[in-house]
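Student: If you count the sequence shown from 1, you need to add 79 to reach the working numbering.
So that we are looking at the same thing, I have put the structure below in structure tokens.
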Amino acid sequence: MTDRLKGKRALITAAGQGIGRATAEMFIAEGAEVFATDVNADLLTGLDCETHALDVRDDASVAKGIARAQPNVLFNCAGFVHHGTILDTTDADWDFGFDLNVRSMLRTIQAALPIMLEQGGGSIINMSSALGSIIGGPNRFVYGATKAAVIGITKSVAIDYIKQGIRCNAICPGTVESPSWHDRVRALGEQLGSQEEAMKQFVARQPMGRVAKATEIAALATYLASDESAFTTGHPHIIDGGWSGQ
């Protein structure tokens, strides 16, 4: 690795596993000072950086974590995949999905942005999805709505602060191999009566014939955190193995 992120102070949410952990590890390797956070602090064991518990659904927890990190890079990675159609959706489903996937970013960005402005700039990276405003997917009503909202947040923050050194971009993955994805495969397998068939259905969505590795998404996050992407802001970066291009 190089020192592409030397001088960067990065706070990452949901860094305990999956994309968040892969990104934390890559940021560390690229020279960033990383503050890896997760609602479950035990998952952060083994990371060679400062780690602490942070609940993105709690205002005080977010404020404390951001104040501690003083970041010039913020990676909003926390999220949840809800399964169901609009007719399956309860008010509680809707409220939880938007609180975790969308309002969490309101909390973190509102806390981090004044710090970045005082420092003269920063990069905000929001986890969206290819599924939402880019492409539809079955049984992902709440999830798709939340991830479309993330793109709206990203574009709004980008245009409002573009003259003040702030960049804000979204990452829009397809299916990514992670512990949460394996949980969804198991759940679908139980419905279908076959784990193998469930795996086939998930993989078939990507024309490349495989799901993404978490490190492939982390590499994009690293680019967006680095000065290499200094001319990039307000953009949903699609990395979905050709899914949305079909």
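Each residue gets a CB set at the ideal place from its N, CA and C atoms; glycine is no exception.
Going along the chain, which residues of its own chain have a beta-carbon closer than 6 Å to the beta-carbon of isoleucine 230, five neighbours each way excluded?
Tutor: Excluding positions up to five away in sequence, the list reads Ser207, Ser212, Ala249 and Pro315.
Student: Report yes or no: do the stretch 262-275 and the stretch 170-178 share at least 3 C-beta pairs separated by less than 8 Å?
Tutor: No, they do not touch.
Student: Do you know how far the Cα of valine 221 is from the Cα of isoleucine 165?
Tutor: Rounded to whole angstroms, isoleucine 165 to valine 221 spans 8 Å at the Cα level.
Student: Whose CA, out of Leu126, Ala89 and Arg263, lies closest to the CA of valine 113?
Tutor: Among Leu126, Ala89 and Arg263, the Cα nearest to that of valine 113 is on Ala89.
Student: Starting from valine 236, trace the alpha helix (DSSP H) both ways and give me its first and last residue.
Tutor: Note, valine 236: alpha helix (DSSP H), 220-239.
Student: Compute the distance between the beta-carbons of threonine 116 and isoleucine 91, then report whether it is under 8 Å.
Tutor: Yes.
Student: How many Å lie between glutamate 307 and leucine 123 at the Cα?
Tutor: Taking the straight line from one Cα to the other gives about 28 Å.
Student: Roughly how many angstroms separate the alpha carbons of methionine 184 and glycine 288, rounded to a whole number?
Tutor: So the alpha carbons of these two residues sit roughly 32 Å apart.
Student: According to DSSP, is phenylalanine 114 helix, strand or coil?
Tutor: The answer is strand: DSSP assigns phenylalanine 114 an E or B state.
Student: Can you check which of these residues, Asp138, Phe106 and Ala300, is closest to glutamate 129 by C-alpha distance?
Tutor: If we check each option's Cα against that of glutamate 129, Phe106 comes out closest.
Student: Do leucine 133 and alanine 103 come within 8 Å of each other at the CB atom, strictly closer than that value?
Tutor: In this structure, leucine 133 does not lie closer than 8 Å to alanine 103 by Cβ.
Student: Which of the three DSSP states, helix, strand or coil, is assigned to serine 202?
Tutor: It is a strand residue.
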